[in-house]
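First comes the structure, then the notes that go with it.
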Amino acid sequence: MQVAAGLEQWTLYAYQAAKQYRLRSVCSGRRPSCLWGARRQRMCLPGLLLQGRFRFNWQPQSQRIYFGTALDSQGRVVDEVLLLAMLRPRSYTREDVIELHTHGGGVCAQRVLRACIEAGARPARPGEFTLRAFLNGRMDLSQAENVLQLVNARTSTAADSALAGLAGGLGQLVSELRGDLLEILAELEARLDFDDDLPPMDVPALVEDITVLQRDIEAALRTSRQGNLLRQGCRQVAIVGRPNVGKSSLMNSWTGTNRAIVTDIAGTTRDVLEAGLTVSGVPITLLDTAGIRSSRDTVEKLGVERSTAAAAAADVVVMVVDAAAGWTDEDGEIFDALWGRQGPGSSSCKVKGPALLVVNKSDLAGDKQLQLPLLAKETFQAVVQTSALTRDGLPDLDAALLKLAGAPQLAAGGVSWSVNERQAEALVRAHEALGAVGDSIQADVPLDCWTVDLRAALLALGEVSGEGVGEEVLDAVFSKFCIGK
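See below:
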């Protein structure tokens, strides 16, 4: 594939990694050498004094590192550098690529960078190196998007998922789906022209083939929620309950920190405290809220108001009760204040997200069983017994939270590639188009109508892998990248 218009120039970018500065350049013209291209075309980067003598026509070998001295346009030494040459096609972009490793410290890198720009280089655009890799056939669009996910990964699990996608997991599935669709489409188009010369079509087998394709798409779509959680995390998990049921102790035990002050005095927590943890690779933000109760204390009343607001805005609400005390009238009042007397879905319900009940202090409960009102049983999707003191039940709490967040397989350590929002939208359209083909078959509409929907499914799948996508899609994808990727 040819490099898009506007990308044929030199590009160059400087960035820092582990206190070492690197400059990367790309040349997409003929192979004169990324560093020494024809000076009369003003396409050259600064010369290098290698091994004590400058050689204008020197050509580096690919995948080798050289030591040399970088010169500016006036021939002055600006730094000693290491040069790593990666010549096409053995490079990230399948073009000639050069990296210059300068001394640590911003001054050295800036001097070399300034000399490169004077020689005709320009800064790279966001995502330009990966865009070049895509346009040159090094990777498909789904793999390119996983490069961004890998760079932005906040946990090891998120990085593993991105690497699975970068290895071609989704791209391979889409390629297989497109191949199967093309076979079906080829047979149908052949029948449009030569139906009399072909044996009768096996319609039930065709319906089964389309159903299998739809199931494969559905399986891919089910990874969307997992991928979103790995990328963005569960942003707010509000811990609510009456004073002194162990909310702050639970947060400290859950996160392994002493983020919240814990005392025997009810109402110690007056504001919303925030702490982060990672559960099976999912970043989670816990909100420890003030105990909810009626109070004349102005500060405590403000804390209660903030607790209610935090619960209303949270992705998941964790209500904590005391196992030894059981479900009290105060717990019932808090439940009514947050979920209303008619429960979720009613006009008085403030909580919009899913909820689970934590029965804390299980080490003090003995054989006592918690008796919940019917409405509470229907509201809480899970009930977990924990002890903040002994940490018993915390793995069960992790699993319950992941299930409520929509990714129960992560609790069992299951992680693979996942689809993002753009890919999911295209897969949904492909699924709908295949459904329309099935409807046309059942309604016995003309054969050429089937091919229209099959082509629509092919186009939608092509958007996932980047087949035939327009500049608008590419701009939307690569504008999210940072410079240098």
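For what it's worth, my numbering labels the leading residue of the sequence shown as 7, then goes sequentially.
Backbone N, C-alpha and C define an ideal beta-carbon position, used for all residues, glycine too.
Item, Value
"Compare the Cα-Cα distances from D294 to each of S259, E214, G287 and C114 and report the closest residue.", "S259"
"For a test of the three-state rule: what should DSSP assign to T334, helix, strand or coil?", "coil"
"For R45, does the count of other Cβ atoms within 10 angstroms reach 16, so buried, or fall short, so exposed?", "Reliability of the predicted coordinates at R45 is poor, the pLDDT of 33 falling under 50, and no value is obtained from them."
"Residue range of the beta strand (DSSP E) that R70 falls in?", "R70 to L77"
"Note down, one range per segment and in chain order, each alpha helix (DSSP H) of at least 4 residues found wholly within the region 362 to 432.", "380 to 385 and 400 to 411"
"I'd like the list of long-range same chain contacts for M325, defined as Cβ closer than 6 angstroms, with 5 residues on each side in sequence excluded.", "V246, G247 and L363"
"In three-state terms, what does DSSP make of I104?", "strand"
"Around the C-beta of N264, are 16 or more other C-beta atoms found within 10 angstroms, so that it is buried, or is it exposed?", "exposed"
"Which residue from L93, A394, E195 and D481 puts its Cα closest to that of R428?", "D481"
"State the CB to CB distance for the pair L169 and L156, rounded to an integer number of angstroms; the pair is presumed to be in contact (CB under 8 angstroms).", "6 angstroms"
"Could you give the distance in angstroms between the alpha-carbon of L378 and the alpha-carbon of Q232?", "32 angstroms"
"By DSSP's criteria, I245 is part of a beta bridge. Which residues make up the other side?", "D294 and V324"
"Going by beta carbon distance, what residues of the same chain come within less than 7 angstroms of M92, once the five residues before and after it are set aside?", "S68, Q69 and V103"
"Mapping DSSP to helix, strand and coil, what is E86?", "strand"
"Quick one: Cα of V322 to Cα of T261, how far?", "17 angstroms"
"Taking 8 angstroms as the threshold (C-beta atoms), are E151 and V483 in contact?", "yes"
"Can you tell which of V118, E101 and S79 has the C-alpha that lies nearest to the C-alpha of D85?", "V118"
"Contact defined as beta carbons within less than 8 angstroms: I believe E105 pairs with N142. What is the distance between those atoms, to the nearest angstrom?", "Their Cβ separation, rounded to whole angstroms, is 18 angstroms, which puts E105 and N142 out of contact at 8 angstroms."
"Alpha carbon to alpha carbon, how far is G441 from L188?", "17 angstroms"
"I need the straight-line Cα distance from P129 to G468, nearest angstrom please.", "31 angstroms"
"May I ask which residues mark the beginning and end of the beta strand (DSSP E) holding E280?", "L279 to V285"
"Could you give the distance in angstroms between the alpha-carbon of A196 and the alpha-carbon of H437?", "24 angstroms"
"In the DSSP assignment, the alpha helix (DSSP H) including Q232 goes from what residue to what residue?", "T229 to Q238"
"Return the CA-CA distance between V425 and D369, expressed in angstroms with no decimal places.", "43 angstroms"
"Near L400, what residues of its chain come up, given a Cβ to Cβ distance below 8 angstroms and the 5 sequence neighbours on each side ignored?", "S259, W260 and T392"
"Return the chain-ordered list of same chain residues with a C-beta closer than 7 angstroms to the C-beta of Q57, the five sequence neighbours on each side being excluded.", "No answer about Q57 holds up, because its pLDDT of 38 lies below 50 and its placement is not dependable."
"So, A318 versus K356, is the Cβ gap smaller than 8 angstroms?", "yes"
"Anyone know if the C-beta pair for T291 and R241 falls short of 8 angstroms?", "yes"
"Consult DSSP for P452 and reduce its assignment to one of helix, strand or coil.", "coil"
"In chain order, which alpha helix (DSSP H) runs of at least 4 residues are fully inside the region 443 to 488?", "453 to 471 and 477 to 484"
"Please check the pair L88 and H107, which I expect to be a contact at CB under 8 angstroms, by giving their CB distance rounded to whole angstroms.", "4 angstroms"
"Taking the continuous alpha helix (DSSP H) assigned at L93, which residues delimit it?", "Looking at the DSSP string, L93 is not in any alpha helix (DSSP H), and its letter there is neither H nor E."
"Between which two residues does the alpha helix (DSSP H) holding K253 run?", "K253 to T261"
"Pull up the CB-CB distance for P132 and C488, whole angstroms please, since I reckon it's below 8 angstroms.", "6 angstroms"
"With a Cβ-Cβ cutoff of 8 angstroms, do K374 and A430 count as a contact?", "no"
"Given a cut-off of 8 angstroms on the beta-carbon distance, is the pair G474 and F140 in contact?", "no"
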